[in-house]
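Undergrad:
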Amino acid sequence: MKKNNKKNNRLNFYNFLQKKTIRLLLKLRYLLLAFRKPVKIGFLRLYNEENTIIPCLMSVIGMTDIIVLIYSDIEDSSLELVRRYIKNNRLEKKFIIRRYPHKVFTQHAPEYRSGKVKPENTLAAYYEFGYKICRRLARFRNGFIFKIDADQIYMNNCFTRAEEMMKKKKYAVIINSSGGYNGYVTEGKFYSLCRRPRHGCLNGECGDHLIISNAFAEFVRFSMSVTDDHAWEVLSLPKAFSPFVKPFCGIMWFHFNHKPLKEGRLCPFTPAQYAEYEEKILPLLIKADSPCKELSVKTEKNFFN
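Its first residue numbered 16, the sequence shown is counted upward by one per residue in this note's numbering.
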């Protein structure tokens, strides 16, 4: 019994020391880098999203300094559209585009459950490939890295708020656990998706979007989590980082999901959601000349039409 108590005391002291060390490191990094210009890095994985990629980029271009874009096995015109957008807007210095040299299995691939996926073919390895570039860019700089999904269009006021939280409270990672408005596109109609699984778990919190302080980017790694019906990338951090992780529930995006519906049910958008869509999202769809601009957005008034 005494041996167990001693062991627990040692572990508690070790955890306490780790937390104090991390807190001190955070303060030192912020003080040392206070006079360097912060760098805001967008991390984007591109795959067959030709209808939303340009309005997505338009929505984040003003709140990023650099966008790291990785891709593999693209079958539509997504990449061509991105290159044209970069050239037309003279944004060559703002983008780093890299092709992942291996096939990547998607989250519903049965090969994950059978254990037949090689490490280099996993979503985690794919993320790590791009994230290494982000880590290198973030080194010795203030600011943050945030994950961008190419089928989502963003509202940047929440990114500003998240950045302020990181500066004032010294959070290492902010997890956007509620995220935004999940929508589903089918047959020219845009529905609200009532329930959608949240992936990317970290220290008991889950979220689709992660905002990571540059000061701690080097500690972040991705691994795989596999269940009976899903496989997804999981963000990993040492347990001692728990006090420096903040769940953030601001609404940041509209999601235009085109993939076959696996879970959830279709619902109407609320009047408030539709008002935000008209004010912040539709103008970008029109400017980008996206086919999504013609979608019939389903509200309570026209849900059954």
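Here a beta-carbon is modelled for each residue, glycine too, at the ideal position from N, C-alpha and C.
Beta-carbon separation of Thr137 and Met239 under 7 Å?
TA: On the sequence shown, position 122 is the one that residue 137 refers to. On the sequence shown, position 224 is the one that residue 239 refers to. The criterion of a C-beta distance shorter than 7 Å is satisfied by Thr137 and Met239.
Undergrad: Could you give the DSSP three-state label for Glu79: helix, strand or coil?
TA: By 1-based counting over the sequence shown, the position of residue 79 is 64. Going by the sequence as given, residue 79 is Thr instead of Glu. DSSP places Thr79 outside both helix and strand once states are collapsed to three, so it counts as coil.
Undergrad: Excluding the 5 residues preceding and the 5 following Phe120 in the sequence, name in chain order all residues of the same chain whose CB lies nearer than 6 Å to its CB.
TA: Taking the sequence shown and counting its residues from 1, one reaches residue 120 at position 105. Contacts found: Glu126, Val132 and Asn136.
Undergrad: Which residues in the same chain have their Cβ closer than 7 Å to the Cβ of His177, if we skip the five residues on either side of it in sequence?
TA: Mapped onto the sequence shown, residue 177 falls at position 162. Looking at the sequence provided, one finds Ala at residue 177 rather than His. Same-chain partners within the cutoff: Ile189, Ile226 and Phe263.
Undergrad: What number of angstroms, rounded off, separates the C-alpha of Ile89 from the C-alpha of Val97?
TA: Taking the first residue of the sequence shown as position 1, residue 89 is located at position 74. Taking the first residue of the sequence shown as position 1, residue 97 is located at position 82. Ile89 and Val97 have their alpha carbons spaced roughly 12 Å apart.
Undergrad: Would you report the Cα separation of Gly198 and Phe271, rounded to the nearest angstrom?
TA: Counting from one through the sequence shown, the residue named residue 198 turns up at place 183. Counting from one through the sequence shown, the residue named residue 271 turns up at place 256. Taking the straight line joining both Cα atoms gives about 5 Å.
Undergrad: Note down the Cα distance separating Tyr106 from Phe237, rounded to an integer number of angstroms.
TA: Mapped onto the sequence shown, residue 106 falls at position 91. Mapped onto the sequence shown, residue 237 falls at position 222. First, the amino acid is wrong: residue 106 is Leu here, not Tyr. Cα to Cα, Leu106 sits roughly 29 Å from Phe237.
Undergrad: Identify, in the order they occur along the chain, each residue of the same chain with its Cβ nearer than 8 Å to the Cβ of Ser93, setting aside the five sequence neighbours on each side.
TA: Within the sequence shown, residue 93 is the residue found at index 78, counting from 1. Excluding positions up to five away in sequence, the list reads Leu61, Tyr62, Asn63, Glu64, Glu65, Ile68, Tyr86 and Ala165.
Undergrad: In or out: Cys209 buried (at least 16 other Cβ within 10 Å) or exposed?
TA: Indexing the sequence shown from 1 puts residue 209 at position 194. Cys209 is exposed by the Cβ-count criterion.
Undergrad: Cα-Cα, which of Leu310, Lys55 and Lys52 is closest to Ser207?
TA: Taking the sequence shown and counting its residues from 1, one reaches residue 207 at position 192. Nearest option by C-alpha distance: Leu310.
Undergrad: What separation, rounded to the nearest whole angstrom, lies between the Cα atoms of Ala303 and Ile168?
TA: The sequence position of residue 303 within the sequence shown is 288, counting from 1. The sequence position of residue 168 within the sequence shown is 153, counting from 1. One C-alpha to the other measures close to 12 Å.
Undergrad: For Ile160 versus Cys149, is the C-beta spacing smaller than 7 Å?
TA: As a first step, residue 160 must be located in the sequence shown, where it is residue number 145. As a first step, residue 149 must be located in the sequence shown, where it is residue number 134. Against a cut-off of 7 Å, the Cβ pair of Cys149 and Ile160 comes out as a contact.
Undergrad: Roughly how many angstroms separate the alpha carbons of Val54 and Leu39, rounded to a whole number?
TA: Here residue 54 is taken as the residue at index 39 of the sequence shown, counted from 1. Here residue 39 is taken as the residue at index 24 of the sequence shown, counted from 1. So the two alpha carbons sit approximately 22 Å from each other.
Undergrad: Got a sec, what are the start and stop residues for the alpha helix (DSSP H) Ile101 sits in?
TA: As a first step, residue 101 must be located in the sequence shown, where it is residue number 86. Per DSSP, Ile101 belongs to the alpha helix (DSSP H) from Ser93 to Asn103.
Undergrad: Below 8 Å on the Cβ atoms is my guess for Val83 versus Phe205; work out the distance and round it to an integer in Å.
TA: Counting from one through the sequence shown, the residue named residue 83 turns up at place 68. Counting from one through the sequence shown, the residue named residue 205 turns up at place 190. The pair is not a contact, with the Cβ atoms about 29 Å apart (cut-off 8 Å).
Undergrad: If you run the structure through DSSP and keep just helix, strand and coil, what is Arg114?
TA: Residue numbering aside, residue 114 sits at position 99 when the sequence shown is read from its first letter. In this structure, DSSP gives Arg114 an extended state, which the three-state scheme calls strand.
Undergrad: Under 8 Å by Cβ, that's how I've got Met180 and Lys295 pegged, so tell me the actual separation to the nearest angstrom.
TA: Numbered from 1 along the sequence shown, position 165 holds the residue referred to as residue 180. Numbered from 1 along the sequence shown, position 280 holds the residue referred to as residue 295. Contact flag wrong, Cβ pair sits at about 22 Å.
Undergrad: Express the C-alpha separation of Tyr186 and Leu43 in angstroms, rounding to a whole number.
TA: If you number the sequence shown from 1, residue 43 lands on position 28. If you number the sequence shown from 1, residue 186 lands on position 171. Approximately 14 Å between the Cα atoms of the pair.
Undergrad: Once you ignore the five residues that flank Arg51 on each side, which residues in its own chain have a CB closer than 8 Å to its CB?
TA: As a position in the sequence shown, residue 51 is number 36, starting the count at 1. Excluding positions up to five away in sequence, the list reads Phe155, Arg156 and Asn157.
Undergrad: Looking at Cys307 and Leu300, is the spacing between their C-beta atoms short of 7 Å?
TA: Residue numbering aside, residue 300 sits at position 285 when the sequence shown is read from its first letter. Residue numbering aside, residue 307 sits at position 292 when the sequence shown is read from its first letter. Going by C-beta atoms, Leu300 is nearer than 7 Å to Cys307.
Undergrad: Could you pull the start and end residues of the beta strand (DSSP E) that Ile13 belongs to?
TA: Residue 13 cannot be examined here, being either before or after the span of the chain that is shown, 16 to 320.
Undergrad: Go through its chain and collect everything with a Cβ distance to Phe110's Cβ below 7 Å, but skip five positions before and after it.
TA: As a position in the sequence shown, residue 110 is number 95, starting the count at 1. Excluding sequence neighbours, Phe110 sits near Ile82, Leu84 and Ile101.
Undergrad: Between the C-alpha atoms of Asn229 and Tyr146, what's the straight-line distance to the nearest angstrom?
TA: Within the sequence shown, the letter at position 214 stands for residue 229. Within the sequence shown, the letter at position 131 stands for residue 146. Going from the Cα of Asn229 to the Cα of Tyr146 covers about 12 Å.
Undergrad: Roughly how many angstroms lie between the CA atoms of Thr36 and Ala255, to the nearest whole one?
TA: Looking up residue 36 in the sequence shown gives position 21. Looking up residue 255 in the sequence shown gives position 240. Cα to Cα, Thr36 sits roughly 10 Å from Ala255.
Undergrad: Quick one: complete alpha helix (DSSP H) runs, 4+ long, within the segment 115-182?
TA: 125-129 and 138-153
Undergrad: Looking at the secondary structure, which residues open and close the alpha helix (DSSP H) in which Lys302 lies?
TA: Within the sequence shown, residue 302 is the residue found at index 287, counting from 1. Segment Leu297 to Lys302, the alpha helix (DSSP H) holding Lys302.
Undergrad: Whole angstroms is fine: what's the gap from Ile232's alpha carbon to Phe144's?
TA: Here residue 232 refers to the residue found at position 217 when the sequence shown is read from its first residue. Here residue 144 refers to the residue found at position 129 when the sequence shown is read from its first residue. Per the sequence shown, the amino acid found at residue 232 is Ala instead of Ile. Each residue's alpha carbon lies about 14 Å from the other.
Undergrad: List the whole-angstrom C-beta distance separating Ala153 from Ile56, where the pair is believed to meet the contact cut-off of C-beta under 8 Å.
TA: Mapped onto the sequence shown, residue 153 falls at position 138. Mapped onto the sequence shown, residue 56 falls at position 41. With a Cβ gap of about 6 Å, Ala153 and Ile56 count as contacting.
Undergrad: Quickly, what does DSSP pair Phe237 with across the bridge? List them, please.
TA: Against the sequence shown, residue 237 aligns to sequence position 222. Looking at the DSSP assignment, Phe237 forms a beta bridge with Leu250.
Undergrad: Assuming Phe234 contacts Pro258 (C-beta within less than 8 Å), just tell me the rounded distance between them.
TA: Here residue 234 refers to the residue found at position 219 of the sequence shown. Here residue 258 refers to the residue found at position 243 of the sequence shown. Contact flag wrong, Cβ pair sits at about 14 Å.
Undergrad: For the alpha helix (DSSP H) containing Tyr289, list its first residue and its last residue.
TA: On the sequence shown, residue 289 is found 274 positions in, with the first residue counted as 1. Residues Pro286 to Glu291.
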